[in-house]
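**Student:**
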Amino acid sequence: EIVLTQSPTTMAASPGEKVTLTCRASSSVSYMHWYQQRSGTSPKLWIYETSKLASGVPNRFSGSGSGTSYSLTINSMETEDAATYYCQQGSSYPWTFGGGTKLELK
Amino acid sequence: QVQLQQSGAELAKPGTSVKLSCKASGYTFTSYYIYWVKQRPGQGLEWIGYIYPGNGGTYYSEKFKGKATFTADTSSSTAYMLLGSLTPEDSAYYFCARLRAGTNVMDAWGQGASVTVSS
Chain A
47 EIVLTQSPTT MAASPGEKVT LTCRASSSVS YMHWYQQRSG TSPKLWIYET
97 SKLASGVPNR FSGSGSGTSY SLTINSMETE DAATYYCQQG SSYPWTFGGG
147 TKLELK
Chain B
-6 QVQLQQSGAE LAKPGTSVKL SCKASGYTFT SYYIYWVKQR PGQGLEWIGY
44 IYPGNGGTYY SEKFKGKATF TADTSSSTAY MLLGSLTPED SAYYFCARLR
94 AGTNVMDAWG QGASVTVSS
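Line by line, the protein sequences give chains A and B. All you need for our numbering is the position in the first sequence, starting with 1, plus 46. No gaps in the numbering here: position 63 of the second sequence is 56 in our numbering, and each next residue is one more.
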């Protein structure tokens, strides 16, 4: 099973600040996907196949990486971006998720 | 638009079973995989497995073999997950989600169903 480790676990960012979340895989994966989950709601597909933005996702978000190291970047933090972000790999079964990064507004 | 409507909250006793439903609309039910994901309160996401309603094929994460059973009713476009031999560790939210065609991501999610196991 591929273990995904996200860092940091929790962070706070001010409006306008650049934010980078990371996800490291225990083995190489072909792509990484990211989901956003706001409190009390279901996850939403946010970034797929490492760098493609899901429908409706603002272009201040971007994704990058390869092999075992991936990241999600917010160019300029906005209030609505406060949420928990999970990475997910679908390269091998069982699919696995990272533990999540909770992003708060400072 | 694509929607997955899940059944309501369940309160069950240890050792019993619950059957959760996930009704799909807005797309051809038999052409897309349905995945199931577990989330314990305040914790991360855990992948349970999938069913392909087109042929009833299933796959379970090793951890959930014997715990979860997937079925699908194509006449009502509804997927089901039976959780058996319930213990307090099964108390969680359970989400169904649709696999985006040609990818390995889940692009539409149900609202989640809460299961509480308590005597």
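Where a beta carbon is used, it is the ideal one built from N, C-alpha and C, also for glycine.
(1) Classify residue 104(A) as buried or exposed, calling it buried when 16 or more other Cβ atoms lie within 10 Å of its own Cβ.
(2) For residue 110(A), which residues in the same chain have their Cβ closer than 8 Å to its Cβ, ignoring the five residues on either side in sequence?
(3) Please compile the residues from chain A whose C-beta is within a distance smaller than 8 Å of the C-beta of residue 88(B).
(4) Sort 90(B), 37(B), 86(B) and 57(B) by Cα distance to residue 55(A) and report the nearest one.
(5) Which residue's Cα is closest to the Cα of residue 150(A): 53(A), 59(A), 49(A) and 51(A)?
(6) Taking C-alpha atoms, which residue in 47(A), 130(A), 113(A) and 125(A) lies nearest to residue 106(A)?
(7) Please name the residue in 41(B), 31(B), 46(B) and 33(B) whose C-alpha comes closest to that of residue 16(B).
(8) Using three-state DSSP, classify residue 150(A) as helix, strand or coil.
(9) Would you be able to state if there are at least three C-beta pairs under 8 Å between the stretch 84 to 101 of chain B and the stretch 11 to 28 of chain B?
(10) Shorter than 9 Å from the beta carbon of residue 99(B) to some beta carbon of chain A?
(11) Along chain A, which residues have their Cβ under 8 Å away from the Cβ of residue 26(B)?
(12) Name the DSSP bridge partner or partners of residue 111(A)?
(13) Spatial neighbours of residue 83(B) within its chain, please: C-beta separation below 7 Å, excluding the five flanking residues on both sides.
(14) Excluding the five sequence neighbours on either side, which residues of its own chain have a C-beta within less than 6 Å of the C-beta of residue 49(A), listed in chain order?
(15) Go to residue 66(B), then tell me how far its beta strand (DSSP E) extends in each direction, as first and last residue.
(16) Quickly, what does DSSP pair residue 92(B) with across the bridge? List them, please.
(17) For the beta strand (DSSP E) holding residue 66(A), just list the boundary residues, first then last.
(18) On a CA-only basis, which of 18(B), 100(B) and -5(B) is nearest residue 68(B)? Give me that one, please.
(19) Our contact map puts residue 42(B) next to residue 54(B) with C-beta atoms below 8 Å; I'd like the distance itself, whole angstroms only.
(20) Any beta carbon of chain B sitting closer than 9 Å to that of residue 144(A)?
**Tutor:** Considering the structure as presented:
(1) exposed
(2) 96, 97, 116, 117 and 119
(3) 88 and 89
(4) 37(B)
(5) 59(A)
(6) 125(A)
(7) 46(B)
(8) strand
(9) yes
(10) yes
(11) Residues of chain A passing the Cβ test: none, with the nearest at roughly 11 Å.
(12) 116(A)
(13) 76, 108 and 110
(14) 72
(15) 61 to 66
(16) 99(B)
(17) 65 to 71
(18) 18(B)
(19) 5 Å
(20) yes
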